[in-house]
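Numbering-wise, the sequence shown is residues -18 to -1, 1 to 718 according to mature numbering (1 follows the signal peptide of the UniProt record, and there is no 0).
Beta carbons are placed, not taken as given, at the ideal position from N, Cα and C, and that holds for glycine.
Values in this document were obtained by computation on a predicted structure and should not be read as measured data.
To start, the structure itself, in structure tokens.
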Amino acid sequence: MKLSFIFCFLCFVSASFTFNFIYAGNVTYDGRSLIIDGQRKLLISASIHYPRSVPAMWPALVQLAKQGGVDVIETYVFWNGHELSPGNYYFGGRFDLVKFAKIVHEAGMPLILRIGPFVAAEWNFGGVPVWLHYIPGTVFRTYNQPFMYHMEKFTTYIVNLMKQEKLFASQGGPIILSQIENEYGFYENYYKEDGKKYALWAAKMAVSQNTSVPWIMCQQWDAPDPVIDTCNSFYCDQFTPTSPNRPKIWTENWPGWFKTFGGRDPHRPVEDVAFSVARFFQKGGSVHNYYMYHGGTNFGRTAGGPFITTSYDYDAPIDEYGLPRLPKWGHLKELHKAIKLCEHLLLHGKSVNISLGPSVEAGVYTDSTGACAAFISNADDKNDKTVEFRNASYHLPAWSVSILPDCKNVVFNTAKVSSPTNKVAMVPEKLQQSDKGQKTFKWDVLKENPGIWGKADFVKNGFVDHINTTKDTTDYLWHTTSVLIGENEEFLKKGSEPVLLIESKGHALHAFVNQKYQGTAYGNGSHSAFTFKNPISLKAGKNEIALLSLTVGLQTAGPFYEFVGAGVTSVKINGPNNRTIDLSSNAWTYKIGVQGEHLRLPQGDGLNNTKWTSTSEPPKGQALTWYKAIVDAPPGDEPVGLDMLYMGKGLAWLNGEEIGRYWPRISEFKKEDCVQECDYRGKFNPDKCVTGCGEPTQRWYHVPRSWFKPSGNVLVFFEEKGGDPAKITFVRRKVV
């Protein structure tokens, strides 16, 4: 049956398809839905993580979600961004949770606050403060007194802060749901009986906070009443809460996926996203959340993984820079309109599932007045189907759902995308020197020497765990030792070419011999460990070996994940005639961090005695080099990024704000491991629709407009292994 465009237009114009939430009071639930002030609500929610964007972006992001037919905003609370040390709390800048919640409220939208406080989320250390790991006797996420004490203390602090600001719905605020823990059901059995006790304790502790709004636990199959267990997956239509008295809630529908340095770009087709959402509501769902609706940016060193990229774009409906991704944003907007036309019957009607043939069924909702709404789904992943329903014929593309708000007229089919597609270009803008008296572009440069700077932190025979040593105060840990080579040693004979062989648990390493850069090695998102193997030149006498070990974000999840280590485990020099010098048990001298961090170079000028060298020809291909430039803001009002294609690996700052890790690392996959076109039909997984094989994993790095002044902006880079700063440009993200 043809789409009834007139019906579609009239219904869409007349429908109030977003829930305008200004003042609420009582939030309860039953087996059908949440009940807000006595009224059942069907809610479409969007994850927007406040620290993955900046305050200046928050109002526009929230409004763009609302324009897309979203009712509710959802966010985690990021413990390690707030409690910087025990009892030392921070809620400024990107971490101003109260301001974010009030912006959501001002937009007339409710808020789902996932306190956790463990969050995973590809966020460094899963959101748990690193300092907590070093409180004696602490084991995360189990029935462990130190962990539970600090978890309850932080949870109570957040709840009290929300109460103080009158942000819970019972106080007239926006928060209608809170979450404790996160996807613990996957790991509970690893902790045996203590896992079960911990899950029950967490639920009881949360309920005792007396927030007057329901609590949820996602992927928690033993959540006790009154806590609601919820679903996280690409598909949740088959999910059933463990109690018939709880509503069917989908806390994470993943419309894309995250990316790792060296990996590929995952894309989830919007036809499949829409199919999953429609099926969920067809099967009795009442609260649905996109994780992520806006992914944003892992600024600074907040990316976890390890190896999660600085971009957390997630192929989400709103892209990393805050622009709608079309057709995804537009197609889902039309889907939301269609679902909202069925809201009353979905929440109050009597439902029945009718088989219309193999893989085809109709979910039909009716009430006593004769009103009727239907969702007809074709779950066949190859074949279109034509079916008879209520004496009419309907054509359903493979893997699609048609929505009929009156059981007659199809107003939307998930596989038929009519929303326009936009093309987005990264328009280059040369860096413009703020000092107009300079005829050529000026860089300030500071080169660090490989190895120990200042006073050594300690000397030890053998190796230490990298993370236990730095405690994540920095990515960097220097290891140095020396080896004596006699004048007649075989290692010096012509053609002998000794090989430096290093084993590491992760994550990356730069090697230097006698102050010369020898190369870099690293793991990847699925395997952190790696081997460095490179020919080196030695000299007669003392040879200095300096290794800069690196982390690229800490583990974010998994059983006992806080005990996953990193760092060098073995160093050998292999020579001719099977001769090996094993340096693993040598006395190694250690230094935490690089010198520029100590000199506060990310802030620009550094300490008073810092000596930058000015030049119009900055060195390229030079390791361990700091670069600084004073630049104007790019013209226009479009979102801004940095093109770092010609740099190696390092960190970047603007006016002291942390842009993040840059690493235009080439994807390790072959062209045939990616797709030219993606078939939306059939179940999605993160490896199904990937692009970017053989290309830089991340070329562009978001720099929020609000970080710029009109001129005099201090741009700083720390280049670890060598690049060409003269080729760095700004880019404006522009719809063309």
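Bridge partner(s) assigned by DSSP for residue i
i	result
I555	L482 and I563
I231	V269
F394	I385
I97	Partner(s): none; I97 has no beta bridge.
G632	Y644 and E701
P306	I300
I210	I198
E639	L636
H377	T368
D625	W682 and T711
Given residue i as reference, the closest of the options once Cα atoms are compared
i	options	result
H489	F289, A355, L627 and S567	F289
G177	D207, I157, Q127 and S194	Q127
G312	Y32, G705, V195 and T403	T403
E147	K84, W203 and M187	K84
L329	W594, G267, P306 and P584	G267
L466	N568, G507, N516 and G547	N568
K390	A344, N271 and A181	A344
G704	G501, D53, V101 and K652	G501
A361	Q21, F262 and W40	F262
E650	G632, V534, V672 and K665	V672
P196	G477, A89 and S160	S160
K145	D247, I300 and L79	L79
S359	Q577, Y609, V534 and D254	D254
V44	W381, G90 and S552	G90
S464	S401, S566 and K418	S566
F136	E544, H115, V553 and Y71	Y71
S519	F473, W435 and I563	F473
K453	K602, I117 and W61	I117
C354	P111, S375, S341 and L323	L323
For residue i, the three-state DSSP class (helix, strand or coil)
i	result
M274	strand
E544	helix
M39	coil
S190	coil
G586	coil
A(-4)	Confidence in A(-4) is poor, its pLDDT being 40 and thus under 50, which makes the residue's placement too unreliable to answer from.
E175	helix
A353	coil
P616	coil
D254	helix
K524	strand
L(-16)	Annotation note: pLDDT 37 at L(-16) (below 50); position unreliable, coordinate value reported separately. Three-state DSSP puts L(-16) in coil, outside helix and strand.
A493	strand
D219	coil
G109	helix
F263	helix
G312	helix
L530	strand
Q658	coil
Q604	coil
I30	strand
Sub-9 Å separation of residue i and residue j beta-carbons
i	j	result
I140	L93	no
residue 719	Y628	It is not possible to answer for residue 719, since the shown part of the chain is limited to -18 through 718.
V269	L25	yes
F107	Y32	no
A522	G468	yes
N224	K230	At residue 224 the sequence reads Thr, which differs from the Asn that was named. Their beta carbons are not under 9 Å apart, which means T224 does not touch K230 by this criterion.
Y217	S29	no
A611	V622	no
L536	F494	no
T279	R96	no
T679	K367	no
A102	A539	yes
S27	N214	no
T292	Y609	no
K515	E620	no
E485	T551	yes
G575	T284	no
I648	E677	yes
Whole beta strand (DSSP E) elements within the stretch 661 to 701, 3-residue minimum:
You should have 682 to 685 and 695 to 701.
Ranges of the beta strand (DSSP E) found wholly within the stretch 430 to 491, counting only runs of at least 3
Counting only runs of 3 or more residues that sit fully inside the stretch 430 to 491, the beta strand (DSSP E) segments are 440 to 443, 458 to 467 and 481 to 486, in chain order.
Quick check for students: name the residue ranges of the beta strand (DSSP E) that lie wholly in the stretch 399 to 428, counting only runs of 3 or more.
Inside the stretch 399 to 428, DSSP marks whole beta strand (DSSP E) runs of 3 or more residues at positions 406 to 412, from first to last along the chain.
My parser needs the alpha helix (DSSP H) runs of 4 or more residues fully inside the stretch 113 to 169; what are they?
Fully enclosed alpha helix (DSSP H) runs of no fewer than 4 residues occupy 127 to 146 of the stretch 113 to 169, in order along the chain.
Scan the stretch 58 to 89 and note each continuous beta strand (DSSP E) run of 3 residues or more that stays entirely inside, going in chain order.
Within the stretch 58 to 89, the complete beta strand (DSSP E) runs of at least 3 residues are 65 to 67.
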